[in-house]
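Worksheet for the structure shown next.
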Ligand code: GAR
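Residue numbers (the UniProt record's numbering): 4 to 193.
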């Protein structure tokens, strides 16, 4: 099985979808390390419950900055754990060159919009505010930009006129939980 590392910041529902796919036998992978820059992130709890090592990335009080030295340290922590493929799952800091160089084309991200539409924060809110009639999610390779890397696969959902941020995000997340494990499974077969 391919050794996967996951980086997140929040509730970890995408991590859960990956764990569930491994458990169900539809994803031939082993989750070896989960890292969160948010010590309160429920993602840590989900990992530990599944028996996966989970650690906090301490960015020294910086809210969004991910200092270069820290990027290198984290990348090497993942390498040392034997990680072959990294999946960002709601990770709210930008991964940049020093990190990317350690895992060239081996870092994926899931984003809650049909990129290139609505990059950045709270893409579902951007879609609602913009009056979009369609949105979705995108799995892409991570490059040094914000949600700009090569797109691997997308899933579409309708946006209804009575949608709120919450109802749209929920509909998108249901697709995320299906799409992310499916794309990872396809990639590790290659
Ligand atoms: C997901 O919807 C993910 O697409 C989004 O954060 C949520 C994390 O949920 N990511 C981004 O917005 C990244 N730009 P989760 O912690 O329950 O997986």
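Ideal Cβ positions, reconstructed from N, Cα and C, are used throughout, including at glycine.
Is residue i close to ligand 1? I mean its beta-carbon at under 6 Å from any heavy atom of the ligand.
i, result
"residue 114", "yes"
"residue 93", "yes"
"residue 148", "no"
"residue 17", "yes"
"residue 13", "yes"
Would you say residue i and residue j are within 7 Å of each other, going by their C-beta atoms?
i, j, result
"residue 31", "residue 183", "no"
"residue 186", "residue 154", "no"
"residue 37", "residue 20", "no"
"residue 10", "residue 94", "yes"
"residue 141", "residue 157", "yes"
"residue 139", "residue 160", "yes"
"residue 6", "residue 85", "yes"
"residue 45", "residue 8", "no"
"residue 128", "residue 168", "yes"
"residue 102", "residue 78", "yes"
"residue 126", "residue 115", "yes"
"residue 113", "residue 179", "yes"
"residue 83", "residue 62", "no"
If residue i sits next to residue j, beta carbons under 8 Å apart, how far is it from one beta carbon to the other, in whole angstroms?
i, j, result
"residue 191", "residue 88", "7 Å"
"residue 110", "residue 91", "7 Å"
"residue 99", "residue 147", "5 Å"
"residue 149", "residue 97", "6 Å"
"residue 152", "residue 144", "4 Å"
Could you tell me whether any Cβ in chain D is nearer than 7 Å to the Cβ of residue i?
i, result
"residue 146", "The chain inventory of the structure shown lacks chain D, comprising one protein chain alone."
Mind pulling the beta strand (DSSP E) runs of 3 or more residues that sit fully within the stretch 141 to 175? 154 to 161
For the stretch 85 to 137, which segments carrying the beta strand (DSSP E) assignment without a break, of at least 3 residues, lie completely within its bounds, in sequence order? Runs found: 88 to 91 and 110 to 114.
Quick check on the DSSP output: what are the complete beta strand (DSSP E) runs of length 3 or more inside the stretch 37 to 81, in order along the chain? Counting only runs of 3 or more, we get 57 to 59.
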